[in-house]
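Report on one structure; see the data block that follows.
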Amino acid sequence: MRILQLHCDNISYEATKKEIKSAEDIEPKPVSIDEVVVCFVAVENGDDDNVAIDAISQIKESMQKIGCKKLLLYPYAHLSSDLSAPSTALSLLKLMETNSSELEVSRAPFGWTKSYNVKVKGHPLAESSKVITASDKKEQTSTALESESKIKSYWYILSPDGTMVEFDKFNFSKHKKLEILAKYESDKKRKVDEPPPHVALMKKLAIADYEPASDHGNMRYFPNGRLIKGLLEQFVTNKVKDYGGYEVETPIMYDSHHPSMESYFNRFPARQYNIDADGKKLFLRFAACFGQFLMAHDFQMSYKNLPYRLYELTRYSFRREQSGELVGLRRLRAFTMPDCHAFCKDIPQAISEFRKRFDLSRDVLSNVGIQHDDYEMAIRFTEDFYNENKNLILDMVKKMDKPVLIEMWKERFFYFVLKWEFNYVDNSGKASALSTDQIDVENGKRYGIEFVDENNSTLNPIILHNSPSGAIERVMYTLLEKCATDAKEGRKPMFPLWLAPSQVRIIPLTDDFLEFSQKLSEKLTTQNIRVDIDDRNESIGKRIRESEKEWIRYVLVIGEKEVSSENLSVRDRTQRDVREISFDNFVEEITKQNDGKPHSTLNLPPLLSKRPIIQV
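Heads up, the sequence shown is in the working numbering, so the first residue is 421 and it goes up one at a time.
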């Protein structure tokens, strides 16, 4: 079924003559409808009741977004060259009509030639098209997801001293967040009852917001949000390259029927976005695996090349997460994932590499402002792998220096034998994975990736799947949730200074001090410090209060005293009193906090009077 949907000021039409023998028997008359959504509909071969019900459901959902309850279904054969039988088409149009009882619905006559005039509104959602097929009636689900819903898991808590007990017998009195994680994972309930605090913060700080013209779980990032996101992307990428990763770029869509792909995405627990294009069934990637594996297939590798590390920062990866699970930056349908795969010659080499990436991930999180105490660890493995590699698993737990959640399987359901992740437990009691790594024993063979060993034999590598930070959006969510906790517990919420959209704000007392303020701003900017100037015609008190609301770490008020002094008068959010400090020492203080981190210039006009007001 093909649909052209228009939000109209008015449509007027009149049936002029019968086009087919089975045309509806009507008395032709002019019809005019105001403030209406018009859906031009072509019913195609293969369409059935499920397609019609799915189509009207999608139409109703989009009408709810634009706030219109008046619908006209307009049969329009010209949208397709593969039309269904007229009787089928009319039956399905009537079914769509009867399933729209909550709308004020009408239908143009079927089988007639009609003259019409239409006036379409001029907003972004006024025009859209839809293609609904029989395959859409049931969302495609990977066999891994189906297996996951049926999988028999054995849950334990493993302590640094090596003791492992069933999680319902563990004393969680000193480990409340771990208890939340254990219940969250074992229950596998992902739906969100109410928005977590970071949602309000991301809007208040003009970081990000939902995009109503897109699919659910797709966000738009304002200048502040794009700056933070970009800095995090740069930092993680630099860390992976320092570790030895080689950055690549791969396509975002793939042929569902490619032999390697078809079997792999049925082994990966994710819901896909599917696309029909030029007779091909395509899907949008839900990880960087496909592209990197297909690339590695074309490499000629020796054991001397291994481990070989490929890295991509995907913008974006796509997963059709269930709508009840989508909330803010926590869980999205389009997200940015740093994805690093290491190709190893055997399990011993894979384990050695696995240890390095574990340390890399902890270092990355620590440097972005997510500390050891902020997250809990989960480790998942097959019983056989655990029995053969207890030292590896226990060493990771010892480094965590606190108990971790264990999920054990009697048999292998997925392509990996071992997976770990760090999980942040937010203010709503939901757990979200950050860093992760996996030992993959299937995909080297599945994708025909080969290397030559010491004996000149051709073998398939073991593959590690690591995201040292997890999705960039989820890092932002974690930082905002941490800020919400700080505010709740009486501490000043703020970003790490290197991520702050504005690091220093200058406030001239009057316009007389604006020129001096601009020169000071230029001097600080040359030192890779982000500076803005509140030059608005507002009281000094209001401008200082607003800098506080924006979490500006350093505020410099410029008056006669400051112009005459060699020192700066600095208001620091972390301290109660204004302090005097030399320009050089002030620069040094900020530089130390930014050391080793990427830099970006200010992403908004430096004068606040020149900035648009972002309404969220």
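For each residue, glycine too, the CB sits at the ideal point set by N, CA and C.
Since the model is a prediction, treat every value here as computed from it, not as a measurement.
- Around the beta carbon of S549, fewer than 16 other beta carbons lie within 10 angstroms, which makes this residue exposed.
- Looking at the backbone, the Cα of L899 and that of F915 are separated by about 7 Å.
- When C-alpha distances from L515 are compared across V463, A633, V951 and M681, the shortest belongs to V463.
- Counting only residues of its own chain and dropping the five nearest sequence neighbours on each side, L492 has a CB closer than 8 Å to the CB of I431, I453, V456, V457, V458, C459, V525, S526, R527 and A528.
- Here DSSP, grouped into helix, strand and coil, assigns I926 to strand.
- The alpha-carbon of P768 is positioned some 50 Å away from that of L1024.
- Distance from K649 to I892 at the Cβ level is roughly 6 Å; contact confirmed, criterion being Cβ atoms closer than 8 Å.
- Annotated three-state conformation of W971 is coil, per DSSP.
- In the structure shown, R911 adopts coil according to DSSP, grouped into three states.
- The three-state reading of DSSP puts I1034 in coil, since its state is none of H, G, I, E or B.
- Looking at the DSSP output, I953 sits in a beta bridge with I926 and L1027.
- No residue range can be given for H677, since it is assigned to no beta strand (DSSP E) and is classified by DSSP as neither H nor E.
- Within the DSSP bridge table, the entry for H427 names V457 as partners.
- The Cβ atoms of E741 and G864 do not sit closer than 8 Å to each other.
- Distances from the alpha-carbon of R422 to those of I479, E444 and K441 put I479 closest.
- DSSP places M820 in the uninterrupted alpha helix (DSSP H) bounded by K810 to M820.
- At the C-beta level, K441 and W532 stay beyond 8 Å of one another.
- For I799, the enclosing beta strand (DSSP E) begins and ends at Y795 to T802.
- Shown here for E517: same chain residues with a beta carbon closer than 7 Å to its own, the five before and five after excluded, namely L493, V525 and R527 in chain order.
- Under DSSP, H885 takes part in a beta bridge, and its partners are H761 and Q858.
- The C-beta separation of P921 from V656 comes to about 19 Å, leaving the pair out of contact by the 8 Å criterion.
- Per DSSP, the beta bridge partners of A435 are K534.
- A distance below 6 Å between beta-carbons, with the five flanking residues on each side excluded, links R735 to the following residues of its chain, in chain order: T756.
- If the five residues before and after N787 are omitted, its C-beta is found closer than 8 Å to the C-beta atoms of F655, K659, G1016 and K1017, all from its own chain and listed in chain order.
- Per DSSP, V784 is not a residue of any beta strand (DSSP E); the alpha helix (DSSP H) it occupies stretches across I767 to V788.
- Judged by DSSP secondary structure, M639 falls within the beta strand (DSSP E) whose first and last residues are M639 to Y641.
- Y731 carries a strand assignment under DSSP once its states are collapsed to helix, strand and coil.
- The residue among S634, P823 and G665 with its C-alpha nearest the C-alpha of F590 is P823.
- The alpha-carbon separation between H761 and D857 amounts to approximately 9 Å.
- Taken through DSSP and simplified to helix, strand or coil, I577 comes out as strand.
- Secondary structure note for E547: its beta strand (DSSP E) is the uninterrupted segment E547 to V551.
- Cβ-Cβ distances below 6 Å link Q947 to V1007 in the same chain, with the five nearest sequence neighbours on each side left out; the list follows chain order.
- Comparing C-alpha distances from L510 to each of K489, D698 and A443 shows the shortest one belongs to A443.
- By the criterion of a C-beta distance shorter than 7 Å, N847 is surrounded in its chain by P616, P617, E901, A904 and T905, once the five residues flanking it on both sides are discounted.
- Assignment of R646 by DSSP, reduced to helix, strand and coil, places it in the helix class.
- The segment 720 to 730 makes contact with the segment 864 to 884, as at least three CB pairs between them are under 8 Å.
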